[in-house]
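Working notes for the structure below.
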Amino acid sequence: MSKLLECKNIVKRYGKKTALDGLNLSLESGKIYGLLGPNASGKTTLIKLINSLLVQNEGEILVDGKAIGVESKMVISYLPDHTYINANKKVCWIIDYFDDFYSDFDKEKAYTMLKQLNISADESLKTLSKGTKEKVQLILVMARKAKLYILDEPIAGVDPAAREYILNTILANYNQESTILISTHLIADIENVLDEFFFIMNGKVIMNDTVDNVREEKGQSIDELFREVFRC
Amino acid sequence: MTWKLTQNKPIYQQLAEHVELDIIMKKYDLSEKLPSVRDLALEAGVNPNTMQRALTLLEDKGLVYSERTAGRFITSDSKIISDLHIELANNYTELYFNEMKSLGFSTEEILTFINKLKEEENE
């Protein structure tokens, strides 16, 4: 199968601190991947490199066989861990903004999802609750018809009911030609939607397998395995 | 509400058992079309690829069959389903027996327990 994303020997340093230390990772089309690791393991740094918000010191990142650039941004739909959207704007303004910006944005789909959630497009973002804000951002990201969706902590900071809704939205909008990379430390919540997972620690991938392989071979969930591997 | 899944067993096996039980309990008629992989995956709250794998397992058992473009259907052979129903009953009975044995009861004693339940039900 063809590789949609390839990260080869990635090194990223912040001053004297090494965040990524020779990391290798590759994703195939049509799968949902979990990027799992404790705090400060390098998850967000890696995601920022793939989205060209940072540049690596060493190594190579290829998206669809090409280096990071305008073309890679066109095929990646990215949900950052912190919002960059102007909170003073109304939801409908933000939707138009995305529609102008991304040629693969499906405005109708965005409005359908808003309606399902009873979110009014006339409200400005800052008046919405934290959970609703997260849902709006997820809608913006999932309404694009991208090849690769990268979701950095999509379910952190929302209640379990909203979490279930968010996962449901991800599944409902996922088509089997696209690929999703979800970074999180709330493993028990997302385990059932993953094909494969990567454990990352100290800037390296220390384990990569499918969820059901681990269950078959170890009789253990990924959540249990995580607690064992990353025991403090 | 998503399906209840446990931690220590492969997800695809649990999904297959869930659908198998639905078929045995006649949620679907013989030869009825199954919902799509996508819809079943959404209902269960799981990855469609995992659901696909579960249904392939049921295909191998002969419980469902797929027609290239039309989708997946329940078998038309009621014997396959009734055989699985009996197999399930045997498994539960065996499980109960073994658990009771490990609690130190003899076969005779176990039967006494069952007969007691039977009498209570008749009252």
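Protein chains in written order, with the numbering used here: chain G, 1495 to 1726; chain P, 5 to 127.
Idealized CB from N, CA, C, for every residue including glycine.
Taking only beta-carbon positions, decide if residue i is within less than 8 Å of chain P.
i	result
Gly1713 of chain G	yes
Val1490 of chain G	For chain G, the structure presents residues 1495 to 1726; residue 1490 of chain G sits outside this window and is missing.
Asn1702 of chain G	no
Glu1718 of chain G	yes
Gln1652 of chain G	One point to set straight first is that residue 1652 of chain G is Val, not Gln, in the sequence displayed. So no, Val1652 of chain G is outside the interface.
Glu1710 of chain G	yes
Val1705 of chain G	yes
Asn1686 of chain G	yes
Asp1689 of chain G	yes
Please check the pair residue i and residue j, which I expect to be a contact at CB under 8 Å, by giving their CB distance rounded to whole angstroms.
i	j	result
Tyr1668 of chain G	Ile1674 of chain G	6 Å
Asp1515 of chain G	Lys1629 of chain G	Going by Cβ atoms, the distance from Asp1515 of chain G to Lys1629 of chain G rounds to 35 Å, so no, they are not a contact pair.
Glu1690 of chain G	Thr1704 of chain G	5 Å
Ile78 of chain P	Glu36 of chain P	5 Å
Ser1523 of chain G	Ser1566 of chain G	The Cβ separation is near 15 Å, so there is no contact.
Gly75 of chain P	Ser106 of chain P	Their Cβ separation, rounded to whole angstroms, is 45 Å, which puts Gly75 of chain P and Ser106 of chain P out of contact at 8 Å.
Asn1582 of chain G	Ser1618 of chain G	6 Å
Ile1579 of chain G	Ile1589 of chain G	Not a contact, Cβ separation roughly 11 Å.
Ile1694 of chain G	Lys1502 of chain G	About 15 Å separates the two Cβ atoms, so there is no contact after all.
Gly1509 of chain G	Ile1684 of chain G	That belief does not hold up - the Cβ atoms of Gly1509 of chain G and Ile1684 of chain G are roughly 33 Å apart, past 8 Å.
Arg1638 of chain G	Phe1599 of chain G	5 Å
Leu34 of chain P	Ser70 of chain P	No, Leu34 of chain P and Ser70 of chain P are not in contact; Cβ-Cβ is about 16 Å, not under 8 Å.
Ile1676 of chain G	Asp1717 of chain G	14 Å between Cβ atoms; not a contact.
Ala58 of chain P	Thr6 of chain P	In fact, because the Cβ distance is near 14 Å, the residues do not count as touching under 8 Å.
Does residue i get closer than 8 Å to chain G when you measure Cβ to Cβ?
i	result
Lys13 of chain P	yes
Val23 of chain P	no
Pro39 of chain P	no
Leu2 of chain P	Examination of residue 2 of chain P is not possible in this model, given that chain P is present from 5 through 127 alone.
Leu61 of chain P	no
Gly49 of chain P	yes
Leu9 of chain P	yes
Asn126 of chain P	no
Tyr16 of chain P	yes
Asn119 of chain P	no
Query raised in the report: Quick one: complete alpha helix (DSSP H) runs, 4+ long, within the region 1537-1605 of chain G?
Result: 1537-1544, 1564-1569, 1585-1595, all fully within the region 1537-1605 of chain G.
Query raised in the report: In the region 1669-1723 of chain G, which residue ranges form an unbroken alpha helix (DSSP H) of at least 4 residues, counting only runs that do not cross its ends?
Result: Whole alpha helix (DSSP H) segments, 4+ residues: 1681-1684, 1705-1712, 1716-1723.
Query - Contact set between the region 1519-1534 of chain G and chain P, restricted to residues whose Cβ is under 9 Å from the partner - result: Taking 9 Å as the Cβ-Cβ cut-off against chain P, the residues of the region 1519-1534 of chain G that qualify are Gly1524, Lys1525, Ile1526.
**Report entry** At least three beta-carbon pairs within less than 8 Å, the region 30-48 of chain P to the region 1714-1725 of chain G
**Finding:** By the Cβ test, the region 30-48 of chain P is not in contact with the region 1714-1725 of chain G, since fewer than three Cβ pairs between them sit closer than 8 Å.
Query raised in the report: Are at least three pairs of beta-carbons, each pair with one atom in the region 13-22 of chain P and one in the region 1538-1553 of chain G, less than 8 Å apart?
Result: Because the criterion of three Cβ pairs below 8 Å is not met, the region 13-22 of chain P and the region 1538-1553 of chain G do not touch.
**Report entry** Residues of the region 1657-1679 of chain G whose Cβ lies closer than 8 Å to any Cβ of chain P, in chain order
**Finding:** With the criterion set as a beta carbon lying under 8 Å from some beta carbon of chain P, the members of the region 1657-1679 of chain G are Glu1658, Leu1661, Asn1662, Leu1665, Ala1666, Tyr1668, Gln1670, in sequence order.
Query - Every unbroken alpha helix (DSSP H) inside the region 48-74 of chain P [4 residues or more] - result: The alpha helix (DSSP H) runs lying completely inside the region 48-74 of chain P and spanning 4 residues or more are 52-64, given in chain order.
Requested in this report: Check whether the region 1624-1642 of chain G touches the region 1600-1611 of chain G, taking contact to mean three or more Cβ pairs, one atom from each stretch, closer than 8 Å.
Outcome: With a cut-off of 8 Å, the region 1600-1611 of chain G and the region 1624-1642 of chain G count as touching, because enough Cβ pairs lie within range.
Query raised in the report: Would you say the region 1555-1567 of chain G touches the region 1530-1537 of chain G, given that touching needs at least three Cβ pairs under 8 Å?
Result: With the cut-off at 8 Å, the region 1555-1567 of chain G and the region 1530-1537 of chain G do not touch.
Requested in this report: Name, going along the chain, the residues of the region 1628-1643 of chain G whose beta-carbon falls closer than 7 Å to a beta-carbon of chain P.
Outcome: Under the 7 Å Cβ criterion, the region 1628-1643 of chain G contributes no residue.
Query raised in the report: Within the chosen definition, does the region 92-101 of chain P reach the region 46-55 of chain P through at least 3 CB pairs nearer than 8 Å?
Result: Judged by Cβ distances under 8 Å, the region 92-101 of chain P makes no contact with the region 46-55 of chain P, as fewer than three pairs qualify.
Query raised in the report: Taking a cut of 7 Å between CB atoms, which residues from the region 68-102 of chain P lie near chain G?
Result: Within the region 68-102 of chain P, no residue has its Cβ closer than 7 Å to any Cβ of chain G.
Query raised in the report: Would the region 1644-1661 of chain G and the region 1540-1547 of chain G be scored as touching if the rule is three or more Cβ pairs under 8 Å?
Result: As far as the Cβ criterion goes, the region 1644-1661 of chain G touches the region 1540-1547 of chain G, which means the pair count is three or higher.
Requested in this report: Could you name each continuous beta strand (DSSP E) segment of 3 residues or more that falls completely within the region 73-122 of chain P, going from the start of the chain to the end?
Outcome: DSSP runs (the beta strand (DSSP E)) wholly in the region 73-122 of chain P: 75-78.
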